[in-house]
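Residue numbers (the numbering used here): 52 to 149.
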Amino acid sequence: MYTTSIAVQVLPDVTETKKVLEIVDKVIAYIASTGYHYVVGPFETTIEGDLEGLMQIARRCQEIPIEEGAPSTKTYIKVFHNPNGVLTIAEKTDKYNP
Numbered sequence: 052m053y054t055t056s057i058a059v060q061v062l063p064d065v066t067e068t069k070k071v072l073e074i075v076d077k078v079i080a081y082i083a084s085t086g087y088h089y090v091v092g093p094f095e096t097t098i099e100g101d102l103e104g105l106m107q108i109a110r111r112c113q114e115i116p117i118e119e120g121a122p123s124t125k126t127y128i129k130v131f132h133n134p135n136g137v138l139t140i141a142e143k144t145d146k147y148n149p
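Put into structure tokens, the structure is as follows:
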């Protein structure tokens, strides 16, 4: 049972599309390395797990673009937390993905 889900959209402050994609790919690779269940969408990546762990992931998603040369980054984060459990990504979307 997941108690939290977050959606993260990272927008590095760089002008070259290629560099933006490289940085976002590194952020997604980091998310994949955490072992949390996640789904990449066209605008954001959704991750399921526990509140504390997901907040640590969200923080790290801020640091990676800077380490990769972006002077700053904007990150939009949506958080849904319920100690009794949240609907999973699959429960929300499977009916739309035959």
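All C-beta atoms, glycine included, are put in the ideal place defined by N, C-alpha and C.
Would residue i pass as a contact of residue j if the rule is Cβ separation under 9 Å?
i: residue 129; j: residue 80; result: no
i: residue 87; j: residue 105; result: yes
i: residue 116; j: residue 82; result: no
i: residue 140; j: residue 84; result: no
i: residue 144; j: residue 90; result: yes
i: residue 121; j: residue 69; result: no
i: residue 54; j: residue 148; result: no
Is it right to say residue i is buried, meaning 16 or more other beta carbons lie within 10 angstroms of its own, or is it exposed?
i: residue 72; result: exposed
i: residue 78; result: buried
i: residue 63; result: buried
i: residue 99; result: buried
Tell me the residue span of the alpha helix (DSSP H) that contains residue i.
i: residue 65; result: No alpha helix (DSSP H) contains residue 65, which DSSP labels as neither H nor E.
i: residue 104; result: 102–118
i: residue 129; result: Run containing residue 129: none in the alpha helix (DSSP H); it sits in the beta strand (DSSP E), 124–132.
Which residue from the options puts its Cα closest to that of residue i?
i: residue 124; options: 134, 137, 109, 138; result: 109
i: residue 102; options: 90, 114, 137; result: 137
i: residue 119; options: 61, 142, 134; result: 61
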